[in-house]
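First the structure, in the form of C-alpha cells, and then the observations on it.
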C-alpha cells in the first residue's frame, strides 16, 4: 500500500472501544427483580450520548444462537443461483446480492449481501390484504436450504422478547409508563437480517467502498448479534470513530431514527459503519425491532407538549419504506 493510498483511507481509522461512550448494561438483575429503573438509567445515559450500548445476560438460549449462526453461514455458502431462487422483493423479503445496497450519500455500493425476513403473517392477515408497508410472507429457500427457517426462528422469537423488555425500560427512561409501547408491538415489523461481509481490501477502502457505508438505522431499536471478526465502528458526538467490537455473551443495541424522532430528539440515532479488516468473512444478525407498520410516531404521545414537539407525526412503515427506496436497488424503478 502506497503512502498516497494510506492518506486516501485515513478516514477509515477508528479508536478502540470506550465503554464510557458505549456502555455495557446488564439485563439480568432488572428482569429477575422486575425493577426496570436501574436499566432505564443506563439506557438513558447511552441513548442521549452515543445512542449505542451493549447488553449482557439477555437470556437468549445459547443453542438458539448456535443454530442461527450455523444456518446463516450455511445459507451464504450456497451458490448464487441457489440464493437467487429467493431474490429480494419490494416487501424486503429474500436474498439481496452484493452491489444492491448503497447508503444515502455514499460514494460506492456496500460490499455486503443480505437475507431479509420478518414476522410470519397469515394469508388472511388484514395488513397483508391492505398491502401495508413491509408486511409480507417470508421467502424461505425451502427447495435448496429448508433448514434456514427452523434454524432462525428460535433466535428470532427470543430476541424479540429481549426487544420487548428493552422497550419497557426505554419507556421508563423517558418518564412514561413501562407498557406504553405494548400495543404498538403486538404485531411488530421486527425486521430480521442475515448479513455477510467479505474481507475488505485496500482497493475497496481507497474507493470508499465499505462493508456498509456510514448510515443511521431507519427504525426504532436495533439488536445486533455479531461474530468475532470485528469491524463495527460508531461515530461519537465529537466526530471520532470508535470500535464496537464483539464482546462474548452480549448484543449491541442502538437507537434508530424513529426512536430519536419519537423521543423528540432526547435520544440520538448515531452514524455507524462496517469495515471488515479481519481477513476473513464476517457475519452478523441484526433484528430491527420496529412496531406495527401503522404505528404513529409522535413525540406528543410520549408526554411532549404540542408546542415543544420538533417532529410531525409519521407512520412507522411508511417512514422505513421511504428510506429503503433510497438505499436498495430493487426499488430503483419504483416511482411511488
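Residue numbers (my numbering): 380 to 715. Every residue gets a Cβ at the ideal spot worked out from N, C-alpha and C, and that includes glycine.
| residue 625 versus residue 574 - alpha carbon distance | 15 Å
| query | Given 8 Å as the limit, is there contact between the segment 442-456 and the segment 517-534, that is, 3 or more CB pairs closer than that? | reply | yes
| request: Return the residue from the list 517, 642, 485, 578 that minimises the CA-CA distance to residue 560. | output: 642
| query | Which residues in the same chain as residue 425 place their Cβ atom closer than 6 Å to its Cβ, once the five residues preceding and following it in sequence are excluded? | reply | 402, 432
| request: Quick one: measure Cβ to Cβ for residue 673 and residue 699, integer angstroms, because I've assumed they're closer than 8 Å. | output: That belief does not hold up - the Cβ atoms of residue 673 and residue 699 are roughly 12 Å apart, past 8 Å.
| message | With three or more beta-carbon pairs closer than 8 Å as the criterion, would you say the segment 544-563 touches the segment 478-490? | response | no
| field | Cβ contact (3+ pairs, closer than 8 Å) linking the segment 508-515 and the segment 486-493 | value | no
| said: Given this structure, state the Cα-to-Cα distance separating residue 510 from residue 703, to the nearest angstrom. | reply: 16 Å
| query | Whose CA, out of 497, 393, 399, lies closest to the CA of residue 666? | reply | 497
| task | Just the C-alpha distance for residue 488 and residue 417, rounded to the nearest angstrom, thanks. | result | 41 Å
| Just reading off the beta strand (DSSP E) that residue 532 is part of, what are its end residues? | Element bounds for residue 532: not the beta strand (DSSP E) but the alpha helix (DSSP H), 526-552.
| If we ignore side chains and look at the alpha-carbon of each, how far apart do residue 382 and residue 585 end up? | The predicted position of residue 382 is uncertain, since its pLDDT is 36 and thus under 50; a value taken from the coordinates is nonetheless stated next. Taking the straight line from one Cα to the other gives about 12 Å.
| message | Would residue 613 and residue 649 qualify as a contact pair, given that the criterion is a beta-carbon distance under 8 Å? | response | yes
| request: Using only alpha-carbon positions, find the residue among 447, 448, 679, 468 that is nearest to residue 554. | output: 679
| request: Under 6 Å Cβ to Cβ from residue 715, same chain only, skipping five residues before and after it: list those, please. | output: Because residue 715 sits at a pLDDT of 43, beneath the cut-off of 50, its placement in the model cannot be relied upon, and the point is left open.
| said: What ranges does the beta strand (DSSP E) occupy inside the segment 647-712, keeping only unbroken runs of at least 3 residues that lie completely in it? | reply: 651-653, 661-668
| task | State yes or no: is the C-beta of residue 520 within less than 8 Å of the C-beta of residue 465? | result | yes
| field | Backbone CA spacing between residue 502 and residue 473 [nearest angstrom] | value | 18 Å
| Buried or exposed: which applies to residue 705, given that a residue is buried once 16 or more other Cβ atoms fall within 10 Å of its Cβ? | exposed
| task | Within 10 angstroms of the Cβ of residue 475, are there 16 or more other Cβ atoms? Answer buried if so, exposed if not. | result | buried
| Could you give the residue range of the alpha helix (DSSP H) that holds residue 581? | 581-585
| Does the distance from the C-beta atom of residue 355 to that of residue 636 stay below 8 Å? | Residue 355 falls outside the range modelled here, since the chain spans only 380 to 715, and no answer is possible.
| If you count every other CB in all the chains shown that lies within 10 Å of the CB of residue 414, and 16 or more means buried, which is it? | exposed
| task | Could you have a look at residue 486 and say whether DSSP puts it in helix, strand or coil? | result | coil
| How big is the Cα-Cα spacing for residue 646 and residue 408? | 24 Å
| residue 469 (DSSP reduced to helix, strand or coil) | coil
| In angstroms, rounded to a whole number, what distance separates the CA positions of residue 690 and residue 435? | 33 Å
| said: Mapping the DSSP letters down to three states, classify residue 386 as helix, strand or coil. | reply: Model confidence at residue 386 stands at a pLDDT of 38, short of 50, so the residue's coordinates are unreliable; what they give is reported in the following sentence. Reduced to three states, the DSSP call for residue 386 is helix.
| field | Other residues of its chain near residue 468: CB distance less than 8 Å, five sequence neighbours each side excluded | value | 515, 518, 709
| field | Per DSSP, the bridge partner or partners of residue 394 | value | 621
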